[in-house]
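Take a look at the structure set out below.
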Amino acid sequence: MEFQQELYRETIRQFPHEIVESQHILLHNLCAFYVSERNFPLFILKGYAGTGKTSLLSAFVKALVQLKKKSVLLAPTGRAAKVFSHYSGKSAFTIHKKIYRKTKLDGGMIQLGIAPNLHTNTLFLVDEASMIGDYTMQNDGSISPRNLLEDLINYVYQGKNCKLILIGDEGQLPPVGSDYSPALNAEYLDNHFPTLSIEEHQLTEVLRQANDSDILMNATLLRSSTENRYPHFTLRMHNDLIRLNGGDLQEELENAFSHYGREETIVITRSNKRANLFNQQIRNRIFWYEEKIVSSDLLMVVKNNYFWLGDKAEHGFIANGEIIEVTRVRNSENVYGFDFMNVSIRMPDYEEYGIIEVKLLLNTLETETPNLSRDQMKELFFEVEKEYAYEKNKKKRYELIMNDPYMNALQVKYAYAVTCHKSQGGQWGCVFVDQGFLTEDMLDKSFFRWLYTALTRATEKLYLVNFSDEFFK
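Printed below as a string of structure tokens:
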């Protein structure tokens with residue numbers, strides 16, 4: 467009880483402004499959870515944008531550090547980990563980097579295994595948990611399948627006296643292929659992991675500070691919108707939320723890239739097709755790029771890649787959704803009926819990796835599919851296989867193919883405009899949200915989640931591009 471009170475007082479001391487009643491209640495529950503001696507304790511912390519979840523967690527993590535208690539901060543993506551690290555003042559890692567180790571099996575297959583959890587008496591805090599899926603990662607011939615949520619839970623409770631807090635916003639998009647977020651659903655977790663001692667808390671009160679932001683105010687209005695009716699946005703004088711028609715888009719994009727920079731400006735769309743159009747126009751009309759790839763291009767990796775990092779990182783792979791910057795273009799190749807380019811890259815969210823030499827597969831840059839189709843992958847496989855026809859042992863030949871640099875070329879898209887799922891977990895200073903084609907019967911729960919997620923990616927300025935008059939009546 468004594469340490470519980472000490473942790474409570476220290477968190478209050480670390481708090482940046484006056485704490486409100488809803489945060490007091492949550493903090494009391496968090497401190498009680500921290501000192502509890504139940505088996506396999508798990509705390510689900512849910513909170514919408516503007517409810518003070520971030521500021522409370524920031525103070526709580528700083529209090530743990532001050533009191534010399536161990537904690538590990540995790541998030542599903544590199545960008546989300548960077549955001550978590552920024553507001554907590556402590557290094558955060560991707561879940562994959564922390565919990566997995568890769569081993570190479572006979573025949574060239576890469577297997578991800580759960581790393582041993584050597585931590586003791588440690589609190590694991592996982593932000594953006596709404597993104598964590600319970601489905602098995604696709605077995606595409608290069609990786610053994612894993613279930614991320616199950617693996618995270620198994621990893622944490624391997625460690626002696628370890629606890630887990632899952633943090634997220636239920637208003638955001640759930641994992642691809644699901645209509646809810648399993649990591650934030652106590653009933654689901656209780657059914658699938660009956661040994662866990664689960665408690666949950668939800669912050670719902672939007673704080674006064676949030677009302678100083680049109681972005682957060684309208685995100686809050688959106689949550690209470692009724693399906694099949696247009697939500698009504700309110701534009702006040704704060705100048706952080708702006709309605710924009712297509713005719714003014716280029717000028718505002720130019721201003722944003724100039725003021726915020728490329729890494730802090732993003733366009734969010736509802737389809738890969740729309741993202742491709744925006745990327746093409748941004749590269750041609752704003753940056754005046756003519757070549758397919760130039761030095762300083764920002765790209766997004768669209769499929770996990772286990773080849774190019776090598777021994778640079780223990781977890782050993784570049785994850786789907788990571789942003790990379792091209793630092794040098796070497797040469798392009800057209801082989802096997804596909805376009806490739808050899809380049810040097812850096813990973814802005816992993817500066818410790820330095821410059822990495824990779825081969826890019828350019829065919830995915832402008833496809834309307836998320837990455838190379840299964841048929842295209844087969845086609846590439848069979849073409850590469852011809853190179854190793856001399857190897858009569860089928861198993862050895864397969865291993866040679868799976869370790870071929872062309873077979874392992876990074877699949878990428880341009881990163882100036884992305885779909886909302888790809889933006890999730892990240893934050894940008896300036897965000898342009900493209901409405902795209904929309905009819906009243908498309909105003910369902912998934913659209914409102916899409917729009918809420920898109921709006922809450924912006925930290926300073928948000929543009930609503932080509933939005934219907936119906937949104938502003």
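Just so you know, the numbering used here puts the end of the sequence shown at 939, numbered straight through with nothing missing. Cβ coordinates follow ideal geometry from the N, Cα and C atoms, glycine included.
>> Does the CB of Arg751 have a neighbour CB from chain C at under 8 Å?
In response: Going by chain labels, chain C is absent from the structure shown, which holds only one protein chain.
>> Val767 and Ile790 - do their beta-carbons sit closer together than 8 Å?
In response: yes
> Rounded to a whole number of angstroms, what is the C-alpha to C-alpha distance between Asn627 and His704?
Replying inline: 47 Å
> Start and end of the alpha helix (DSSP H) containing Tyr654?
Replying inline: 652-658
> Applying the criterion that 16 or more other CB atoms from any shown protein chain within 10 Å of the CB defines a buried residue, is Val501 buried or exposed?
Replying inline: exposed
> So the alpha helix (DSSP H) Tyr500 belongs to, where does it begin and stop?
Replying inline: 487-501
>> Between which two residues does the beta strand (DSSP E) holding Asp935 run?
In response: Premise fails: Asp935 is in no beta strand (DSSP E) and is neither H nor E.
> In angstroms, rounded to a whole number, what distance separates the CA positions of Met843 and Glu757?
Replying inline: 25 Å
> Helix, strand or coil: which one does DSSP assign to Met813?
Replying inline: coil
> So is Phe590 buried or exposed if we call it buried at 16+ other beta carbons inside 10 Å?
Replying inline: buried
>> Please classify Arg923 as buried or exposed, where buried requires at least 16 other C-beta atoms within 10 Å of its C-beta.
In response: buried
> Does the region 658-673 come within contact of the region 489-501, defined as at least 3 CB pairs closer than 8 Å?
Replying inline: yes
>> Taking DSSP's pairing of strands, which residues face Ser647 in a bridge?
In response: Note: Ser647 sits in no beta bridge, so no partner.
> For Ile598, which three-state DSSP category applies?
Replying inline: coil
> What are the complete beta strand (DSSP E) segments, minimum 3 residues, inside the region 507-592?
Replying inline: 507-513, 536-541, 558-560, 566-570, 576-580, 588-592
> Quick one, are the C-beta atoms of Ile681 and Leu928 less than 8 Å apart?
Replying inline: yes
>> Quick check on His667: does DSSP put it in helix, strand or coil?
In response: strand
> Between Glu845 and Ile708, what straight-line distance do the alpha-carbon atoms span, to the nearest angstrom?
Replying inline: 46 Å
> What did DSSP end up calling Trp894 once you bin it into helix, strand or coil?
Replying inline: strand
> Do Met813 and Ile759 have their CB atoms nearer than 8 Å?
Replying inline: no
> With burial defined as no fewer than 16 other Cβ atoms inside 10 Å of the residue's Cβ, what is the status of Thr830: buried or exposed?
Replying inline: buried
> Does DSSP classify Arg689 as helix, strand or coil?
Replying inline: helix
> Given 8 Å as the limit, is there contact between the region 694-701 and the region 929-937, that is, 3 or more CB pairs closer than that?
Replying inline: yes
>> Going by DSSP in three states, Tyr854 sits in which element: helix, strand or coil?
In response: coil
> Leaving out five residues before and five after Asn711 in sequence, what residues of the same chain have Cβ atoms less than 7 Å from its Cβ?
Replying inline: Asn932
>> Buried or exposed for Lys852, going by 16 or more other Cβ atoms inside 10 Å?
In response: exposed
> For Leu473, does the three-state DSSP call read helix, strand or coil?
Replying inline: helix
>> Suppose you measure from the CA of Gly891 to the CA of Asn800; what does that come to, to the nearest Å?
In response: 35 Å
> How about Gly634 and Ser644: are their beta carbons less than 8 Å apart?
Replying inline: no
>> Is the beta carbon of Cys896 closer than 8 Å to that of Tyr621?
In response: no
>> Let me confirm a value: Ala855 is counted as buried when at least 16 other C-beta atoms fall within 10 Å, else exposed. Which label applies?
In response: exposed
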